[in-house]
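Take a look at the structure set out below.
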DNA sequence: GCCAACGTTGGC
DNA sequence: GCCAACGTTGGC
């Protein structure tokens with residue numbers, strides 16, 4: 001089992017949209033490192049859902065329900081990009097804000113801080129555990 | 001709205 | 001292959 005974090009701008013596609021829809025095609029990623037992370041996702045992996053920009057915080061947990069396949073939004077050939085599909089698992093009781101994450105010494109090396117512009121990233125098991133704990137979920 | 005970080009593009 | 005210009009992301 002692997003752990004990941006994906007970012008989304010809540011004004012564009014937030015947790016509320018995700019849960020209302022029940023399932024999301026995670027497409028549109030156009031960064032090689034993020035794409036490689038999408039490709040490494042396996043069925044049942046746990047995915048933290050992060051709201052960027054307006055209220056930066058981890059807001060919920062999702063799981064991988066379809067592994068990487070060619071991104072259907074790409075029209076050029078060859079298609080270098082991939083999509084996965086995610087389903088919501090549960091909302092966090094308390095969103096874990098970026099400020100909290102930055103204030104936590106044990107999360108100093110989390111990819112969210114080290115590579116602030118990456119939109120799909122791996123999370124270590126210990127980081128994942130701590131984030132869940134901070135969420136009171 | 002501003003700015004830092006950083007990825008991409010294109011000239012040479 | 002180097003680097004300047006430029007665009008995008010995302011925090012504040």
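Residue numbers (the UniProt record's numbering): 1 to 137.
Even glycine gets a Cβ: it sits at the ideal position worked out from N, Cα and C.
The structure presented is a predicted model; accordingly, all values stated were derived computationally and were not measured.
What is the residue span of the alpha helix (DSSP H) that residue 127 lies within?
-> 125-134
Should the stretch 91-101 be regarded as contacting the stretch 69-83, the criterion being three or more beta carbon pairs within less than 8 Å?
-> no
For residue 28, count neighbouring C-beta atoms within 10 Å of its own C-beta (all shown protein chains included) and say buried if the count is 16 or more, exposed if not.
-> exposed
Roughly how many angstroms lie between the CA atoms of residue 10 and residue 84, to the nearest whole one?
-> Spanning the two alpha carbons is a distance of roughly 19 Å.
Which whole-angstrom value is the C-beta distance of residue 5 and residue 113, which I expect to be below 8 Å?
-> Their Cβ separation, rounded to whole angstroms, is 11 Å, which puts residue 5 and residue 113 out of contact at 8 Å.
What residues in its chain sit with their C-beta under 6 Å from that of residue 68, if we drop five residues either side in the sequence?
-> 38, 39, 82, 84.
Specify the secondary structure class of residue 39 as computed by DSSP and reduced to three states.
-> Residue state, collapsed to three classes: helix.
Segments assigned beta strand (DSSP E), at least 3 residues, entirely inside the stretch 77-101 | 82-97
For residue 91, which residues from the same chain have a beta carbon less than 6 Å from its beta carbon, with the 5 sequence-adjacent residues on both sides left out?
-> 60
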